[in-house]
Amino acid sequence: MALHHSTRGRLGLAATALGVSTLLLAGCAGGTGNTDNTDATGESIIVGTTDKVTTLDPAGSYDNGSLAVQTQVFPYLVNTNYNDTEVVPDLAESAEFTAPNEYTVTLPAGLKWSNGHDLTSSDVKFSFDRNIAIADPNGASSLLYNLDSVEAPDDTTVVFHLKTDNDQVFPFILTSFPGAIVDEEVFSADAVTPDQDIVDGDAFGGPYKITSWDFNKSVEFTPNENYKGLLDAPVNSGVILSYFAESSNLKLAVQQGDVDVAYRSLSATDVEDLSGNDAVKVVDGPGGEIRYIVFNFNTQPYGATTADADAAKALAVRQAVADLVDREAISDQVYKGTYTPLYSYVPEGFSGAIDALKGLYGDGDGGPDAEKAKATLEAAGVTTPVELSLQYSPDHYGPSSGDEYALVKDQLEKDGLFTVNLQSTEWVQYSKDRTADVYPAYQLGWFPDYSDADNYLTPFFLKDNFLGNHYDNSEVNDLILEQAVEPDADARKADIEKIQELVAADLSTVPLLQGAQVAVTGADVSGVILDASFKLRFAPITK
Amino acid sequence: MTTDVADPPAALEAPRKRGGGGTLGRYILIRFLLIFPTVFILVTLVFFLIRMTGDPITAALGGRLPTDQLAERIHEAGYDRNIFIQYFEYLGQIFTFNFGTTITDKQPVVQVLASYGLATFELVLYSLVVAFIVGIPLGMVAAALRDRWPDAVLRISAILFYATPVFFSGLVAKLVFSVWLGWLPVSGRAGVRTEIALGRDGGTGIYLIDAIASGNPAYVWDVVSHAILPALTLGLLTAGIFLRLVRTNVIGTYNMPYIDAARSRGVRESRLVRTHAYKPALIPIITVIGLQIALMLGGAVLTETTFEWKGLGFQLAAYLSARDFVAVQGIVAMIAIIVAVTNFIVDIIAAFIDPRVRY
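As they're listed, the protein sequences go chains U and A. So the first sequence is residues -7 to 535, counted in this note's numbering. So the second sequence is residues 202 to 560, counted in this note's numbering.
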């Protein structure tokens, strides 16, 4: 060993080296606070979100993140006002059925895009034609299923020719994904237009225009002086939308004042934690998002393709599940009230929503009732405990799904009526398996495409529905088709209520929860409106 | 005798020179050619593996569309075609440097690589700086104070540095310095207003350079303060390795006969350590850097996700989740190229410095 242990030189050198390291690190870490308050763009509002944009072009997207941006910068012919569900003219001067299969929209004269181009009926026709022509796999052109053609007889008139008469859903679709109008001088007629081309072309007609676009990092919105529509002009000088990957980081950002509004999606525990913080406010509103259990009518216990197939017993099993689930407990224990119990198929807040399951199952007041479940199973001759395979996705409906379904399993097994085999599968495989009759019962959720009760019925309970669970009730099928073309509002509402009652008796699905919309804002922020449009509109936000 | 040693026969020396130069050239050529199979194998593996896990259409719309509509969209996108046809098409694109456009958000992959790659480059650079300024001096300190308590503390620290998962150390650092103490920002590369201001001015995409160029000290501090925790988290991982490596090499070098010879000639101990022991001991660090770059890029995925540092790793995680074949292939290919080229360069430098490497 030749290394000497104690010389002044070596110790001095060691101390110097250590000191340099420490100083360099201290130099790096010195100072306090951050400079997020550095104000380079005036008193704009900063909104934080975890929703991502797919593409700015409305023809290439079918997701909340893209819609959240599009709704600020593109004009829509019709829309819903704040805190209202009625569809009224937005960009349009008037919009109405002028014949059973003709929906005519009149635009005011002299409309302009933010770049100064004329905004005419030709742009409207172009917008719908291109959406259908492009039919992008990630787009929402499928929502225009009933649109036959669009006509623009003059600069201010647009006539939509529909395939079926009296389509009551069509005006609602115009408020949603494919309803955005785009500038024909900037957008491509046959391909999704790149985001930067749209920004560079200043092709905006909504309350805001985009003045800075850093894809899924930040977007700067500045009020569009040429906007003439339903909503009042923005009361703020602009909005910056900042993107986060983790909701925990978004929570910390709003807590520390780095963002003024955190909207979609904070976790239930984050919201609960923030609700006790004086530096922030929690704002909520009706939510269109629902969570439910789907039964596969072929493979569920006693299902049509099982060895002991028996429709009555299968129904009894579904009814017993509906009797046993305690939605209130799931809402309180797992979601801390950010999801509320759902007792029907059309969630609260929509015209026609009723609590169809509340009186039929459980204790008749929303709570569980094991005795009733037991009696139902016994009456049908079902041997207990019933073995039920239940699937959920751990990565698609938020991190609380595991807790939610562990609690459902516990509720079903508590009184010995069920033995639940609970399993989880990664989302992409899950999506394939669920429609391939692999899962007898499974978790699913839904966020509406447009703000109408139809969007909670047609996709789910027609014979060929997206669930693919082999549910088929001709009366329900006919009523769904009927309500969609019923021009009388009261008669349509009655149809919607009847459909819910019928499906509640069949239990194609067991609704569990309805998600509330939740935003967390700084204490000095006001004007955040979360209504049944399910869109956070930036124009009224101020601080 | 003396004459013989000082002046070797020309006939003996000339072939050695030719042989040495030829060996280095051959070594460089082989190392260069190895880049291609490395990248090819990795790209091929990624191509097949990611397709085994599903497709982007199902990932995005699996919970909204009926099976037939989903299948129709998958067919239109061409994801149901023979996988080998898709593979050879992809290889054709790679050979023409056409990385394509991402499926989920329609961004040119080259643009994604440029935009997010610079962010990752910046993070890896900061981390290397941390690794050097922490690992090398502390390694020297540990060697100088071998087997005394500071050495023990530093060795334990080194183990902790490289044994702690970066996502864990990142979360702890965030909790302490951002949440509890409030000294540093929680996440991001800069405050959103700074980002927009720097973006508006154009610039390089490397925020520190852009902030300095803006002449606004607030922007510079904003960028630096956002970089501290991610750089420390990722940098300390490598610093731990450097620390132990330097310590071991310095001790090893200190035991060499030429050090004893120098000491016997009366060279002072401090000079002995500084000029005779430390410098040769640092040479292996160069070789290790090549490997560390690969480790850092792997660590960057977790560090970037923890700190919302919007770099290639951050985007790779997002694209993987969305099953965006094109984006994942592009990013992995780029990372493979960076690692392979870095290792190539490091090998060449090492071969120049230490002739033993090339034999």
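Every residue, glycine too, gets a C-beta built ideally from N, C-alpha and C.
Tell whether a beta-carbon distance below 9 Å holds between residue 310 of chain U and residue 502 of chain U. In contact: residue 310 of chain U and residue 502 of chain U (Cβ atoms closer than 9 Å).
I need the straight-line Cα distance from residue 228 of chain U to residue 519 of chain U, nearest angstrom please. Each residue's alpha carbon lies about 10 Å from the other.
Residue 45 of chain U at chain A interface by Cβ criterion, 9 Å: True, the Cβ-Cβ gap to chain A drops below 9 Å.
Euclidean distance between Cα positions of residue 435 of chain U and residue 276 of chain A: A straight-line Cα-Cα distance of about 27 Å links residue 435 of chain U and residue 276 of chain A.
Where residue 521 of chain A and residue 376 of chain A are concerned, what is the direct C-alpha to C-alpha distance, given to the nearest angstrom? Residue 521 of chain A and residue 376 of chain A: Cα-Cα distance of roughly 28 Å.
What is the rounded straight-line gap between the Cα of residue 222 of chain U and the Cα of residue 214 of chain U? Straight-line Cα distance between these residues: approximately 18 Å.
Please state if the CB of residue 184 of chain U and the CB of residue 128 of chain U are separated by a distance shorter than 9 Å. In contact: residue 128 of chain U and residue 184 of chain U (Cβ atoms closer than 9 Å).
Measure the Cβ-Cβ separation of residue 415 of chain U and residue 381 of chain U and say whether it is below 9 Å. Taking C-beta atoms as the reference points, residue 415 of chain U and residue 381 of chain U count as a pair closer than 9 Å.
Determine, for residue 370 of chain U, whether the minimum Cβ-Cβ distance to residues of chain A falls below 9 Å. Not an interface residue.
Member of A/543, A/542, A/517 whose CA lies at the smallest distance from the CA of residue 532 of chain A: From the listed residues A/543, A/542, A/517, the smallest Cα separation to residue 532 of chain A is found for A/517.
When U/418, U/171, U/367 are compared against residue 260 of chain A, the one with the closest alpha-carbon: Ranking U/418, U/171, U/367 by Cα distance to residue 260 of chain A puts U/418 first.
Which residues in chain U have a C-beta closer than 7 Å to the C-beta of residue 277 of chain A? List them in chain order. 129, listed in chain order.
Less than 7 Å between C-beta atoms, sequence neighbours within five positions excluded: which residues of the same chain meet that for residue 291 of chain U? 297, 298, 429, 432.
Residue 53 of chain U burial status per 10 Å Cβ neighbour count (16 or more: buried): Under this definition residue 53 of chain U is a buried residue.
Residues from the stretch 214 to 236 of chain U in contact with chain A, defined by Cβ distance under 8 Å: Flagged, chain order: 232, 234, 236.
If you count every other CB in all the chains shown that lies within 10 Å of the CB of residue 253 of chain A, and 16 or more means buried, which is it? So residue 253 of chain A counts as exposed.
Taking 9 Å as the cut-off, decide whether the C-beta atoms of residue 521 of chain U and residue 37 of chain U are in contact. Against a cut-off of 9 Å, the Cβ pair of residue 37 of chain U and residue 521 of chain U comes out as no contact.
Any beta carbon of chain A sitting closer than 9 Å to that of residue 458 of chain U? Under the Cβ criterion of 9 Å, residue 458 of chain U is counted among the residues facing chain A.
First and last residue of the uninterrupted beta strand (DSSP E) at residue 274 of chain U: Start and end: 272 to 287.
Among U/407, U/465, U/412, U/486, which one has its Cα closest to the Cα of residue 445 of chain U? Residue 445 of chain U has its Cα closest to that of U/486, out of U/407, U/465, U/412, U/486.
Outcome for residue 467 of chain U when other beta-carbon atoms lying within 10 angstroms are tallied against a minimum of 16: Residue 467 of chain U is exposed by the Cβ-count criterion.
My output table needs one value for residue 392 of chain U: the three-state DSSP class, helix, strand or coil. DSSP places residue 392 of chain U outside both helix and strand once states are collapsed to three, so it counts as coil.
So residue 208 of chain U and residue 61 of chain U are supposed to be a Cβ contact under 8 Å. How far apart are they, rounded? Contact doesn't hold; Cβ gap of about 10 Å is too wide.
Nearest by alpha-carbon distance to residue 529 of chain U: which of U/43, U/49, U/63, U/35 is it? Minimum Cα distance to residue 529 of chain U is reached at U/63.
Please report the straight-line C-alpha distance between residue 526 of chain U and residue 277 of chain U, rounded to a whole angstrom. Spanning the two alpha carbons is a distance of roughly 9 Å.
Alpha carbon of residue 480 of chain U to alpha carbon of residue 412 of chain U, nearest angstrom: Whole-angstrom Cα-Cα distance: 46 Å.
Taking C-beta to C-beta, are residue 392 of chain U and residue 204 of chain U nearer than 9 Å? No, the pair does not count as a contact, with Cβ atoms beyond the cut-off.
Taking residue 523 of chain U as the reference, which of U/342, U/456, U/395, U/498 has the closest Cα? Measuring C-alpha to C-alpha distances from residue 523 of chain U to each of U/342, U/456, U/395, U/498 identifies U/342 as the nearest.
Quick one: using the 10 Å Cβ neighbour count with 16 as the cut-off for buried, is residue 394 of chain A buried or exposed? Looking at its Cβ environment, which holds 16 or more other Cβ atoms inside 10 Å, residue 394 of chain A is buried.
Does any residue of chain A bring its CB to less than 9 Å from the CB of residue 438 of chain U? So, interface residue.
Could you tell me the distance, in whole angstroms, from the CA atom of residue 50 of chain U to the CA atom of residue 65 of chain U? Between the alpha carbons of residue 50 of chain U and residue 65 of chain U lies a distance of about 11 Å.
Beta carbon proximity, residue 515 of chain U to chain A, threshold 9 Å: No, no contact with chain A.
is_contact[residue 421 of chain U, chain A] using C-beta, thresh 9 Å: Interface residue, yes.
Nearest to residue 339 of chain A by alpha carbon, out of A/485, A/352, A/300, A/225? The residue from A/485, A/352, A/300, A/225 with its alpha-carbon nearest to that of residue 339 of chain A is A/352.
According to DSSP, is residue 524 of chain U helix, strand or coil? The answer is coil: DSSP assigns residue 524 of chain U none of H, G, I, E or B.
Report buried or exposed for residue 398 of chain A, applying the criterion of at least 16 other Cβ atoms within 10 angstroms of its Cβ. Result: buried.
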